[in-house]
Each structure stands twice: as C-alpha cells, then as structure tokens.
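Colleague:
Numbering (this note's numbering), first residue to last: -8 to 122.
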C-alpha cells in the first residue's frame, strides 16, 4: 500500500507543477509519437461515380478504400481533397471515419481530384499508451 500511495502523490505533484503551456507541449509530443507509430495508409482502390442532383446538376463522387488499422492507439482516419492540379489539401479533412472506406461526394465532374488519406491516433491516449 505504501508504494501505491507514493506513486499517487507523485502523479498529483507532477500535475500541480505543470503549467498549461507545458501540458500542451507534452500532449503535442504524445500526439506526434502516436502519429509516427501508426502505419502509412495502404490504399486498396478508388472508384469514381457520377450522379444527378435534384435540380439536374451532375456531380461526381469517389469511393476510396484502405487497409483496416488494427493498432489499439488508432483513433480515426481523415480524408483530405484537392481539386485541380495543386496540392493544397488544407488542414481540415473533408470527412473523418473509423471505417476502412470513405465516399467523398459533391465533386465537380471533369476536374482532376486528388485525395489524401491519413490515420490519426486516439486523442485521449495517455503517455503509457492506455486509452
């Protein structure tokens, strides 16, 4: 019982001593560590579809599939899109999912569309790797 008590006190003391800035820095390190540990997405295939909206406008959609992630620290997968020849994907994903596929719709037909898939770790991951 003594050891448990000491560990509890030490954790409490560490939490009290850390400033908000230090906590954010530590969380960022854990997040980056989790990102490095997650595998690069393995794309299994992408397929383009066209469909008509209610007003008769033609739209395109792409279904993209990747290999399922089985690591316990996996949080979700983000899909980013870039329309045209540029590589400006933006910082926010167009959709996030825990599935091994995604359907990105509302794309302009006839334009080059690039998709980027990226795995993200669980946000509530502790430094010991527990969720």
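Idealized CB from N, CA, C, for every residue including glycine.
Whole angstroms is fine: what's the gap from residue 56's alpha carbon to residue 15's?
Modeller: The residue labelled residue 56 in the question sits at position 65 within the chain shown. The residue labelled residue 15 in the question sits at position 24 within the chain shown. Near 34 Å, if we compare the C-alpha coordinates of residue 15 and residue 56.
Colleague: What's the call for residue 112, buried or exposed, on a 16-neighbour Cβ count within 10 Å?
Modeller: The residue labelled residue 112 in the question sits at position 121 within the chain shown. Burial call: buried.
Colleague: Return the first residue and the last residue of the beta strand (DSSP E) that residue 73 is part of.
Modeller: Position 82 of the chain shown holds residue 73. That run of the beta strand (DSSP E) goes 65 to 74.
Colleague: Looking at the strands, I want to know which residues DSSP matches up with residue 53.
Modeller: For the purposes of this step, residue 53 is taken as the residue at position 62 of the chain shown. For residue 53, which the question treats as bridged, DSSP gives the partners 39, 95.
Colleague: Please determine whether the Cβ atom of residue 50 lies at a distance below 8 Å from any heavy atom of the ligand NAD.
Modeller: With respect to the ligand NAD, the structure shown offers nothing to examine, as it has no ligands at all.
Colleague: So which of 81, 89, 76, 84 has the shortest CA-CA distance to residue 103?
Modeller: Taking the first residue of the chain shown as position 1, residue 103 is located at position 112. Among 81, 89, 76, 84, the Cα nearest to that of residue 103 is on 76.
Colleague: Considering residue 112, what are the terminal residues of the beta strand (DSSP E) in which it resides?
Modeller: By 1-based counting over the chain shown, the position of residue 112 is 121. Residues 104 to 112.
Colleague: Out of 39, 45, 109, 35, which one is the CA nearest neighbour of residue 95?
Modeller: Here residue 95 refers to the residue found at position 104 when the chain shown is read from its first residue. Closest option to residue 95, Cα to Cα, is 39.
Colleague: Is there a C-beta anywhere in chain C that falls below 9 Å from the one on residue 59?
Modeller: Here chain C cannot be found, since the structure has a single protein chain.
Colleague: Which of the three DSSP states, helix, strand or coil, is assigned to residue 86?
Modeller: For this step, residue 86 is matched to residue 95 along the chain shown. If DSSP states are grouped into helix, strand and coil, residue 86 belongs with the strands.
Colleague: Enumerate in chain order the residues of its own chain whose CB-to-CB distance from residue 86 is below 8 Å, with the five nearest sequence positions on each side excluded.
Modeller: Locating residue 86 in the chain shown gives position 95, where the first residue counts as 1. Hits under 8 Å: 69, 70, 93, 95.
Colleague: With DSSP as the reference, please indicate the residues paired to residue 34 in a beta bridge.
Modeller: Counting from one through the chain shown, the residue named residue 34 turns up at place 43. Looking at the DSSP assignment, residue 34 forms a beta bridge with 57.
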